[in-house]
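Read the structure below first, then the notes.
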Amino acid sequence: KAGVTQTPRYLIKTRGQQVTLSCSPISGHRSVSWYQQTPGQGLQFLFEYFSETQRNKGNFPGRFSGRQFSNSRSEMNVSTLELGDSALYLCASSLAGNEQFFGPGTRLTVL
Amino acid sequence: GQSLEQPSEVTAVEGAIVQINCTYQTSGFYGLSWYQQHDGGAPTFLSYNALDGLEETGRFSSFLSRSDSYGYLLLQELQMKDSASYFCAVRDGGYSTLTFGKGTMLLVSP
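Protein sequence lines, in the order shown, are assigned to chains A and B. Heads up: the first sequence is residues 1 to 111, going by the numbering used here. Heads up: the second sequence is residues 1001 to 1110, going by the numbering used here.
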């Protein structure tokens, strides 16, 4: 069974631009969560989607948004990028909630 | 607010036993999980405790005391490949959302 995939793996953007990251969960998993990982803050929850609905949202500004499609694939978007948005963005899918399967992440660098 | 505290770094030698503690303060509690992350890799699930007590999976064990808001991960017969960051995480709602600690970097030396 294929794991969680994320594209692109690396991205370089400049301040003010916007970016869209994609995540394909494990087949059959309907829950997709997004996390931001930085050296200083660790792993911070962004949002969770289940059956195309946002079930939960972390404490991030409105510049961070996401969506989920009918095939459970998910995208997250960050608008008006800031230097502080440079991070590893991780997507995780889950079947029952207790165990999350993480993708390799997208390394975003904002210049 | 939600917070999880764990040591930032632990060092040990091959073959030894190491315990990584985690204390948490969350508004809700459904269970405590542990994840391992090697440098440059994705976090991978190690264990989950919803009830008090010890869960054993091979060389790794995890313990939970809900009354003390405390848990630990025990790694036995340490190997070099165990050098990684270990995160405790609380599932504090009915969904899949996890609140993570900042991670403990484990360095295993020969």
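Here a beta-carbon is modelled for each residue, glycine too, at the ideal position from N, C-alpha and C.
- Examine the Cβ distances between the stretch 1052-1060 of chain B and the stretch 1006-1015 of chain B and report whether three or more of them are shorter than 8 Å. Cβ pair count under 8 Å is below three, so no.
- Message: Please identify the residue among S27(A), R15(A), W34(A) and A87(A) whose C-alpha is closest to the C-alpha of N71(A).
- Response: Looking at S27(A), R15(A), W34(A) and A87(A), the one whose alpha-carbon comes closest to that of N71(A) is S27(A).
- Message: Given a cut-off of 8 Å on the beta-carbon distance, is the pair Q68(A) and Y49(A) in contact?
- Response: Yes, the pair counts as a contact, with Cβ atoms nearer than the cut-off.
- Message: Below 8 Å on the Cβ atoms is my contact criterion, and I expect T1026(B) with T1099(B) to pass it. Report the Cβ-Cβ distance as a whole number of Å.
- Response: The pair is a contact, with the Cβ atoms about 6 Å apart (cut-off 8 Å).
- Message: Can you pull the chain A neighbours of T1099(B), defined as C-beta to C-beta under 7 Å?
- Response: Within chain A, F45 have C-beta atoms less than 7 Å from the C-beta of T1099(B), given in sequence order.
- Message: Here's a check: name, in chain order, each residue in its chain whose Cβ is nearer than 7 Å to the Cβ of G84(A), leaving out the five neighbours to either side.
- Response: For G84(A), where only same-chain residues beyond five positions count, there are no Cβ hits under 7 Å.
- Indicate whether at least one CB of chain A lies closer than 8 Å to the CB of P1110(B). Not one beta carbon of chain A lies nearer than 8 Å to the beta carbon of P1110(B).
- Proximity to D1068(B) [Cα-Cα], best of L1032(B), S1085(B) and V1018(B): Relative to D1068(B), the option among L1032(B), S1085(B) and V1018(B) whose CA is nearest is L1032(B).
- Message: Only counting the same chain, and skipping five residues up and downstream in sequence, which positions put a Cβ closer than 6 Å to that of S1003(B)?
- Response: Excluding sequence neighbours, S1003(B) sits near Q1025.
- Item | First and last residue of the uninterrupted beta strand (DSSP E) at I978(B) | Nothing about residue 978(B) can be read from this structure; chain B reaches only from 1001 to 1110.
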